[in-house]
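What follows is a single structure, written as structure tokens, with notes after it.
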Amino acid sequence: MPRRARFEAVYALTRIYGNGYISAVEPAFEVLAEPNRRAILQALTSGERSVGELEQALGLSQPSISKHLRVLRDAQMVHVRTDAQRRLYRLRHERLMALDAWLEPYRRLWRRHLDALERHLDAMPDQPKKKGRKR
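Position 62 of the sequence shown, counted from 1, bears residue number 53 in the working numbering, the numbering being contiguous throughout.
Shown next, in the form of structure tokens:
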């Protein structure tokens, strides 16, 4: 993204939510921008997993999985514990809850619009289905 466009996008968001709140969630969006990291987080929704289990589930190499897990760990999105020679990873919900809170106004907005669309469609008279095109 060009520098000016990125600045304008960030500026537009900070006007809505204020600099402090955006600066708290912006790094999380940067981490989640990578599709393999999102896939890892999705795989961890079913519970704790080792690097080998993630490697099998996602079809990525061990070095790639480890690299992405490190980024996720540094961003405090996953927690790691050692069990003998294995490292087991699980989600840390706190960081994801902050993102969820940031997204809530957008969910409300879409619910309002979708509810209005549903009311509009319900109010429309039933149209008989046309068979074929008239020429």
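No residue lacks a Cβ here, since even glycine has one placed at the ideal position from N, Cα and C.
According to DSSP, residue pairing for Leu79 in a beta bridge involves Ser41 and Arg72.
Under a 10 Å Cβ-count criterion, Leu112 is classified as exposed, with fewer than 16 other Cβ atoms of the shown protein chains found around its own Cβ. A residue is called buried once 16 or more other Cβ atoms fall within 10 Å of its Cβ, and Leu60 is buried on that count. Between the alpha carbons of Ser41 and Glu21 lies a distance of about 24 Å. In this model, Gln118 and Gly38 are separated by some 49 Å (Cα to Cα). By the 16-neighbour rule on beta-carbons within 10 angstroms, Tyr80 is buried. Here Arg28 is buried. Its C-beta has 16 or more other C-beta atoms within 10 Å.
Around the C-beta of Leu63, 16 or more other C-beta atoms lie within 10 Å, and the residue is accordingly described as buried. Annotated three-state conformation of Ala89 is helix, per DSSP.
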